[in-house]
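Visitor:
Laid out in structure tokens, this is it:
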């Protein structure tokens, strides 16, 4: 079973663009925030606790607009690794409807060498994710 991290966000005026819906850049920020929060929880179960992730590639699909006052449920989870790249899904829901769907690729960097760390294809399962 994949470990899913969930956060709740209440949309405020600071999240809006000139069209009065959530700014697209804000969703990218939330993708990064959700991934970082999730890693902070998971890393203690791994030997990579001091290492860090860098976003390699990002795809996002905006299905519906999100507005002031909406409560967003953000769900994020890792998918099966693709070589050195680690895919992650981040989904944004309002009232159980998928509003925004994101898939990012990340690479893990060794904190001492700042070089990309190669993880085995089974690393998620090995640590119970």
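Numbering (our numbering), first residue to last: 1327 to 1455.
Heads up, the beta-carbon is just placed ideally off N, CA and C, and yes, glycines get one too.
These figures come from a predicted structure and were not determined experimentally.
Buried or exposed: residue 1430, going by 16 or more other Cβ atoms within 10 Å of its Cβ?
Guide: For this step, residue 1430 is matched to residue 104 along the chain shown. Buried, since its Cβ has 16 or more Cβ neighbours within 10 Å.
Visitor: Leaving out five residues on either side along the sequence, give the residues of the same chain with a beta carbon under 7 Å from the beta carbon of residue 1356.
Guide: Locating residue 1356 in the chain shown gives position 30, counting from the first residue. Same-chain partners within the cutoff: 1335 and 1400.
Visitor: Give the single residue among 1374, 1391 and 1452 whose Cα lies nearest to the Cα of residue 1350.
Guide: Looking up residue 1350 in the chain shown gives position 24. Taking only the C-alpha atoms, the option nearest residue 1350 is 1391.
Visitor: Closer than 6 Å by C-beta to residue 1416: which residues in its own chain qualify, once you throw out the five before and the five after it? Chain order, please.
Guide: On the chain shown, position 90 is the one that residue 1416 refers to. Closer than 6 Å at Cβ, skipping near neighbours: 1357, 1360, 1402 and 1428.
Visitor: Less than 8 Å between the C-beta atoms of residue 1377 and residue 1436, yes or no?
Guide: Residue 1377 sits at position 51 when you count from the first residue of the chain shown. Residue 1436 sits at position 110 when you count from the first residue of the chain shown. Closer than 8 Å, so yes.
Visitor: For residue 1374 versus residue 1434, is the C-beta spacing smaller than 8 Å?
Guide: As a first step, residue 1374 is located in the chain shown; it is residue number 48 there, counting from the start. As a first step, residue 1434 is located in the chain shown; it is residue number 108 there, counting from the start. Yes, these two residues count as a Cβ contact at 8 Å.
Visitor: Span of the alpha helix (DSSP H) holding residue 1366?
Guide: As a first step, residue 1366 must be located in the chain shown, where it is residue number 40. Note, residue 1366: alpha helix (DSSP H), 1350-1368.
Visitor: Here's the rule: buried if 16 or more other CB atoms are within 10 angstroms of the residue's CB, otherwise exposed. What is residue 1412?
Guide: Along the chain shown, one-based indexing puts residue 1412 at 86. With 16 or more Cβ atoms within 10 Å of its Cβ, residue 1412 is classed as buried.
Visitor: I'd like the span of the beta strand (DSSP E) that includes residue 1429, first residue to last.
Guide: Residue numbering aside, residue 1429 sits at position 103 when the chain shown is read from its first letter. Looking at the DSSP string, the run of the beta strand (DSSP E) that includes residue 1429 is 1423-1435.
Visitor: So, at 8 Å on beta carbons, what are the nonlocal neighbours of residue 1327 in its own chain, with the 5 sequence-adjacent residues on each side left out?
Guide: Looking up residue 1327 in the chain shown gives position 1. Because residue 1327 carries a pLDDT of 38, less than 50, the predicted location of this residue cannot be relied on, and the following value inherits that uncertainty. There are no such residues.
Visitor: How big is the Cα-Cα spacing for residue 1441 and residue 1407?
Guide: By one-based count along the chain shown, residue 1441 stands at place 115. By one-based count along the chain shown, residue 1407 stands at place 81. Whole-angstrom Cα-Cα distance: 18 Å.
Visitor: If you follow the beta strand (DSSP E) that residue 1414 is part of, which residue opens it and which one closes it?
Guide: Along the chain shown, one-based indexing puts residue 1414 at 88. Run containing residue 1414: 1411-1420, per the beta strand (DSSP E) assignment.
Visitor: Among 1347, 1454, 1352 and 1388, which one has its Cα closest to the Cα of residue 1396?
Guide: Position 70 of the chain shown, counted from the start, is the residue given in the question as residue 1396. Nearest C-alpha to residue 1396: 1347.
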